[in-house]
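Since the structure comes first, as structure tokens, the remarks are kept for the end.
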Amino acid sequence: MFRFPWSSAAATAAAAALSACGGGGGGGDMPATPNGAAPAPDGTPGPAPSPAPAPAPAPAPAPAPVDSAAPSPAPTPAPAPQPAPAPAAATLLPLPGDAQAARFLAQAGFGASEADIATLKSIGYASWLDLQFLAPRTESHWDWLTRNGFATEANKYAYFDGLPGSVWRKFITSPDQLRQRMVLALSEIFVVSAVGNTLPWRTMMMGAYADVLEEQAFGTFRGLLEAVALSPAMGAFLAMRGSKKEDGKGRQPDENFAREVMQLFTIGLVQLNLDGSVQMAGGRPVETYDLTTVTQLARAFTGWDLDTNAPAGADPGFMRRPMVHKAANFSEGAKTVLGTTISAGADGPAALRQALDILANHPNVGPFFGRQLIQRFVCSHPSAAYVQRVAQAFNDNGRGERGDLKAVLRAVLLDPEARLIEPGASNSGKLREPVLRFVQVARAVRLSSAGLWTIPETSDPETRLGQSPFFSPSVFNFYRPGYVPPNSPMTAAGTTAPEFQLLNEVTVTGYLNFMQTLLTTGQGDAKPDLAADMALSTDPRAMVARQALLLGGGAISDATQQRIAAAAATIAAGTDDGRINRARAGWMLLLACPEYQIQK
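Adding 21 to a residue's 1-based position in the sequence shown gives its number in the numbering used here.
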């Protein structure tokens with residue numbers, strides 16, 4: 022049960038304010054699968070989407086967003102559609118106001134402070150992105166874990182002690198917000214999970230994998246793909262490490278990584294047009310690969326292992342080095358992958374590079390990967406035109422280069438559909454995943470630790486967030502990108518809403534209790550600073566307006582703010598305890614409000 026201990030009068034007022042905010046929604050664990058429904062681009066079965074209207078013409082000075090409904094699949098195999106309007110990065114956007122700046126910062130990072138808002142208002146969106154791309158990295162996970170004693174013999178088999186603290190430290194305090202937000206997004210696409218891992222030095226292994234994602238966040242998709250494939254963490258998680266050639270006695274190369282690198286990381290299960298719509302033939306989706314492709318690709322990935330002869334030794338350094346190839350374990354001979362032959366003369370490293378080249382250059386990658394980035398940063402159900410513009414930026418950054426992740430991020434975040442909100446649009450926005458809500462308010466209340474950031478992992482849905490970075494329950498992430506909430510208006514419309522897969526009665530209560538503890542006593546050794554809120558607490562309306570701006574970026578209505586301020590005003594503010602409880606009440610009611618939880 023949600024605890025709200027700040028006086029009975031406050032509790033009564035809080036209930037009234039929460040009721041005024043409106044009801045929430047929930048969803049089951051599995052997507053709806055009506056008979057005859059085509060799979061979503063990620064392969065998850067789901068209802069066939071309704072046709073989308075054509076993109077609206079662009080009025081001066083900025084184009085208006087189009088409806089976010091996805092188009093119906095084409096009845097026959099279709100070439101890529103005609104080019105959509107120019108990528109959004111080319112659109113000249115005016116300098117933002119306070120609400121627009123706060124909204125952008127919640128999409129491109131983890132949240133806004135008054136200083137962040139002022140900077141963005143003065144330099145504009147594109148220049149802010151340029152500064153973030155140039156921002157230096159803060160202390161790596163590996164170095165922080167080593168400096169704090171987690172690379173010692175005593176911690177060789179520890180259950181990821183230190184890993185959550187290092188992740189929270191980066192997400193909550195690092196000034197390079199865009200890079201850290203990209204790390205979170207990539208960790209949910211190129212999934213490696215700590216769950217079930219029993220290797221020695223597993224904490225250092227996962228820290229090193231987080232560093233790989235950080236190093237590659239602003240590079241190229243092809244570079245990211247190879248760095249992920251050869252990381253010890255991925256090698257262990259999807260069993261490419263130690264995969265050996267056929268022995269003629271029944272042993273076959275492990276197919277786990279070969280299957281998932283196609284299904285989840287690069288091309289998906291079905292052929293896509295540039296706008297993400299599914300290509301059809303004979304009333305069925307055209308599949309991207311078959312079992313033979315998996316088998317052939319698995320042969321190209323044989324022979325790789327950890328760069329050490331002592332994985333249980335005293336030195337964990339091999340966990341941050343790419344895997345090395347052992348020729349004796351490599352499956353020789355030609356391999357045919359997606360219609361391209363890797364020659365019999367290619368050795369293991371050459372075969373892997375050629376296989377990754379084939380995958381990275383497949384026409385599906387732009388719409389498949391681009392749509393998932395849109396979902397992670399901006400909205401759950403992007404329009405076909407939005408997906409196409411991002412895919413175009415993936416295919417060509419304007420200089421003939423493919424897979425430039427900086428260009429893709431610019432296209433995602435500067436697109437008209439990201440920057441403008443169409444009044445009454447029902448398909449824009451997304452449910453903020455629990456981790457984002459936590460990190461956003463942690464930054465807003467300046468959560469800090471003088472020690473080791475001993476905030477534990479937050480997977481428990483009853484008492485915590487039901488989600489914890491790098492602790493996904495499976496390779497399929499915490500939720501599927503094609504998830505459609507069942508038994509809701511979204512079901513009939515085929516509207517994808519991935520984060521709703523985490524939403525139910527248990528997680529709602531666990532989240533609220535977690536946030537109440539955060540605001541009251543902190544989490545672990547990390548404590549909030551509510552001084553700025555207390556300074557405004559004698560004017561509850563001003564206090565709530567500030568909090569609503571930092572959290573909602575203009576999305577929380579004036580009527581809702583007034584009700585929350587009225588609830589906070591019932592708490593006497595004649596003492597420090599009263600003032601801090603007013604501040605907590607304001608934050609708590611906003612965090613519980615659907616107008617905040619749905620990021621527009």
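Cβ coordinates follow ideal geometry from the N, Cα and C atoms, glycine included.
query                                                                                                                         : result
Residue environment, Pro-502, which counts as buried when at least 16 other CB atoms sit within 10 Å                          : buried
Sequence ranges, alpha helix (DSSP H) only - wholly within the stretch 344-423, length at least 4                             : 369-381, 386-398, 405-416
Test item: CB-CB of Cys-612 and Leu-524 under 8 Å                                                                             : Here residue 612 is Leu; the residue named in the question, Cys, does not match the sequence. Contact: no.
Ala-580 versus Arg-562: straight-line alpha-carbon distance, rounded                                                          : 11 Å
DSSP state of Pro-306 mapped onto helix, strand, coil                                                                         : strand
Whole-angstrom distance between Ser-264 and Ala-250, CA atom to CA atom                                                       : 13 Å
Contact under 8 Å by Cβ, Ser-214 with Phe-491                                                                                 : yes
Start and end residues, alpha helix (DSSP H) containing Gln-537                                                               : 526-541
Straight-line gap, Glu-520 to Glu-353 (C-alpha atoms, nearest Å)                                                              : 43 Å
Chain-order list of residues whose beta-carbon lies under 7 Å from that of Tyr-500 (same chain, five-residue window excluded) : Pro-519, Glu-520, Gln-522, Leu-523
Thr-538 versus Ser-558, Gln-582, Thr-517, Arg-485, residue with shortest Cα-Cα distance                                       : Arg-485
From Ala-348, Asn-350, Ile-379, residue whose alpha carbon lies closest to that of Ile-363                                    : Ile-379
Cutoff 7 Å; reference Ile-193; Cβ partners in own chain excluding five residues on either side                                : Val-460, Ala-463, Arg-464, Leu-468
Length of the line joining the Cα atoms of Leu-473 and Phe-171                                                                : 11 Å
Continuous alpha helix (DSSP H) assignments of at least 4 residues falling wholly in the stretch 496-524                      : 510-514
Cβ separation of Gly-387 and Asn-350, assumed to be a contact under 8 Å, to the nearest whole Å                               : 34 Å between Cβ atoms; not a contact.
Identity of the residues DSSP links to Val-299 by a beta bridge                                                               : Leu-293
Of the residues Pro-343, Ala-439, Arg-440, Lys-427, the one placed nearest Leu-155, counting alpha carbons only               : Lys-427
Spatial distance of Phe-497 from Ser-298 (CA atoms)                                                                           : 21 Å
Reduced DSSP secondary structure (H/G/I, E/B, other) of Lys-191                                                               : helix
Cβ distance (whole Å) where Ser-401 is taken to contact Glu-438 below 8 Å                                                     : With a Cβ gap of about 12 Å, Ser-401 and Glu-438 do not count as contacting.
Residue closest to Trp-189, alpha-carbon to alpha-carbon, out of Asn-508, Ser-161, Ile-210                                    : Ser-161
For Thr-241, the three-state DSSP class (helix, strand or coil)                                                               : strand
Exposure of Arg-305, with buried meaning 16 or more beta-carbon neighbours within 10 Å                                        : exposed
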